[in-house]
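All remarks here apply to the structure that follows.
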DNA sequence: AAACTAGTTTCAAATAGTGAAACCTGCAAG
DNA sequence: CTTGCAGGTTTCACTATTTGAAACTAGTTT
């Protein structure tokens, strides 16, 4: 949660309130929000009014409840199409899913967390935490570690500092040092494992999706259970998943630089 | 596009810029935005910076391009689940789709336009404009007219004033008067037709989704082609669609008013 | 009727936003 | 080389907007 103490002005506060409303699965009352937000009554009230007037929230006067608004629904849809790897990756995920028959995840980094942007269920589905649109921890998931491993070194410390280091299972890596060691191995090997670090009995292989410049765009993973597979089995899938990640990366880059690709000096990041 | 002259403060401007970025299907340069926005260079610059800092936009320094940000992608999922009729209607759309085998649309009103929030393709798909997440004109689509017809009279004039009245086909109603006459017929009949008014060869029946208070929540339609059906055929589906719309309305209302418990307020904020 | 709760409005103080203009920077033409 | 120019970024005085304590209103409960 930790909200948004970054003093970026009114806009930041308004967006903070949006998140607050989004955090609830159902319509929220004014006073609920008041309790959870750091803003005084009058300020919160005005922010809500503005957001409603803007169509980002909608207000039901009968119930006195706020919900995310229709304008956000529209924007969000465009965002999904335009900004995530999901639309590009969709057919490839379908293919991968059909080929391996296990759960497939496509994720991107959102702040210091993992955002699952798309998912395919296993032929024989397993109940697990992840869900398209949900966020999860980065330090103890396959996709998370795959992405962290290839981040520029300057960004890492900041991100590690934001992890919760909660011990989900007895295999969870709960210190930056332990994670760093794993990240080095991942870099060397090219793919990450999740060895029941987040949920017991759930294991996965993940590969990063990297631009030609080496920038982390996202990650792709295949997940299974200890009952069905071993890490060794999953490791054998790594080359296939890697190829697909590569394809996604290439297509994403072509898409990002249309025809007017100004050969603006790409200094390395 | 007439932007957003509503003087609601900085937040409004920031959201306006968001929309501007969303309006482009691809990454945009600063100067493109500058040309399209009413804001002076410095102001636009600061707005963009804020939005990037907030994760609502993302900026690629290499290409100097802005895209919708990952934070919006995250909001997308919640917005869809929480704010639209889509999650409630999903199983019902599936059923309707299976039963009639034609294209099914679920739409809501966004400002003065129609926002398609969900869609099922016909068994034998037809290429047409609509797409989930896209907006379309209200005055010449079945769902649009079904919603307009049941709007409070006070709102109508404002909405009609915002229509483009573009003549898409020779059957398009291009004046408020012609539309008003059709709306009266729709109110009397309970369902709306689209008689090739938006795309040639495409026809549909639509019914509004109304709350018990008579408020317009959305609309539901079944679309076909003149090659396959006639308006008469579609009219026979109206009762079925109406029932489903009714069910959606009821469930939506139950969902919106979950608590009658009024839990003893815990003070302390 | 009094006491409370939940939401809305006011108003002076001050913060935060504004935008013209100056300023960079890298590229291209002179 | 150096000059000009087109993005893009920063400055700064001016002022409109935001702020939040407190007062207020409308409903409910005691």
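Protein chains in written order, with the working numbering: chain S, 367 to 635; chain Y, 367 to 635. Just so it is clear, CB atoms sit at the ideal spot from N, CA and C, and this is done for glycine as well. Computed from a prediction, not measured in an experiment: that's the story for all the values here.
Minimum C-alpha distance to residue 576 of chain Y - residue among Y/595, Y/518, Y/410, Y/403: Y/518
Quick check: is the beta carbon of residue 422 of chain Y nearer than 8 Å to any beta carbon in chain S? yes
Figure out for me which residue from Y/383, Y/515, Y/444, Y/507 has the closest Cα to the Cα of residue 539 of chain Y. Nearest option by C-alpha distance: Y/507.
Could you have a look at residue 461 of chain S and say whether DSSP puts it in helix, strand or coil? When DSSP states are grouped into helix, strand and coil, residue 461 of chain S belongs to the helix group.
In chain order, which alpha helix (DSSP H) runs of at least 4 residues are fully inside the segment 488-576 of chain Y? 508-515, 522-527, 542-555
For residue 397 of chain S, count neighbouring Cβ atoms within 10 angstroms of its own Cβ and tell me buried if that reaches 16, exposed if not. exposed
Counting pairs of beta carbons, one from the segment 457-477 of chain S and one from the segment 471-480 of chain Y, are three or more of them closer than 8 Å? no
Measuring only between beta-carbons, confirm whether residue 466 of chain Y sits less than 8 Å from chain S. no
The beta strand (DSSP E) with residue 671 of chain S in it runs from where to where? Coverage of chain S is limited to positions 367 through 635, which leaves residue 671 of chain S absent and any answer about it impossible.
Quick one: which chain S residues come within Cβ less than 8 Å of residue 456 of chain Y? Result: empty, since nearest Cβ-Cβ is about 14 Å, beyond 8 Å.
Short Cβ contact (8 Å threshold) for residue 414 of chain S with residue 383 of chain S: yes
Relative to the C-alpha of residue 595 of chain Y, which residue among Y/525, Y/606, Y/570, Y/390 is closest? Nearest option by C-alpha distance: Y/570.
Count the other CB atoms within 10 Å of the CB of residue 528 of chain Y; is the residue buried (16 or more) or exposed (fewer)? Per the 10 Å Cβ criterion, exposed.
Is there a Cβ of chain Y sitting closer than 8 Å to that of residue 484 of chain S, yes or no? No, residue 484 of chain S lies away from the interface with chain Y (no Cβ there is under 8 Å from its Cβ).
Applying a beta-carbon distance threshold of less than 7 Å, which residues of chain S neighbour residue 439 of chain Y? 445, 446, 449, 450, 481, 483
Given a cut-off of 8 Å on the beta-carbon distance, is the pair residue 573 of chain S and residue 512 of chain S in contact? yes
Beta carbon proximity, residue 575 of chain S to chain Y, threshold 8 Å: no
Determine which residues share a DSSP beta bridge with residue 584 of chain Y and list them. Y/575
Within a Cβ cutoff of 6 Å, which residues of the same chain sit near residue 610 of chain Y, ignoring the five residues on either side of it in sequence? 458, 462
Determine whether the Cβ of residue 418 of chain Y lies closer than 8 Å to any Cβ atom of chain S. no
Residue 441 of chain Y, enclosing alpha helix (DSSP H) - first and last residue: 436-449
By the 10 Å Cβ neighbour count, where 16 or more other Cβ atoms means buried, how is residue 565 of chain S classified, buried or exposed? buried
For residue 440 of chain Y, count neighbouring C-beta atoms within 10 Å of its own C-beta (all shown protein chains included) and say buried if the count is 16 or more, exposed if not. buried
Who are the neighbours of residue 528 of chain Y on chain S, taking C-beta pairs under 9 Å? Chain S residues near residue 528 of chain Y: none, gap ~14 Å exceeds 9 Å.
Spatial neighbours of residue 340 of chain Y in its chain, beta-carbon cut-off 7 Å, leaving aside the 5 residues before and after: Because residue 340 of chain Y is not part of the residues shown, which for chain Y are 367 to 635, the question remains open.
Tell me the rounded alpha-carbon separation between residue 408 of chain Y and residue 400 of chain Y. Those two C-alpha atoms are separated by around 10 Å.
What three-state label does DSSP hand residue 415 of chain S in the structure shown? helix
Name the DSSP beta bridge partners of residue 466 of chain Y, please? Per DSSP, none; premise fails for residue 466 of chain Y.
Spell out whether any CB of chain Y is found under 8 Å from the CB atom of residue 381 of chain S. Closer than 8 Å: yes.
Would you decide whether residue 406 of chain Y is buried or exposed? Buried here means 16 or more other CB atoms lie within 10 Å of its CB. exposed
Using a Cβ-Cβ cutoff of less than 8 Å, which residues in the same chain neighbour residue 442 of chain S once the five nearest sequence positions on both sides are dropped? none
With a threshold of 8 Å between beta carbons, is residue 501 of chain S in contact with chain Y? By this cut-off, residue 501 of chain S is an interface position.
Run of the beta strand (DSSP E) containing residue 423 of chain Y, from where it starts to where it stops: 423-426
Comparing the C-beta of residue 630 of chain Y with each C-beta of chain S, is any distance below 8 Å? With a pLDDT of 32 at residue 630 of chain Y, under the threshold of 50, the predicted position of this residue should be treated as unreliable, and no value is reported.
If distances are taken between C-alpha atoms only, which option among S/417, S/423, S/380, S/424 comes closest to residue 403 of chain S? Measuring from the Cα of residue 403 of chain S, the nearest candidate turns out to be S/380.
Using beta carbons (cut-off 8 Å, strictly below), is residue 552 of chain S in contact with chain Y? no
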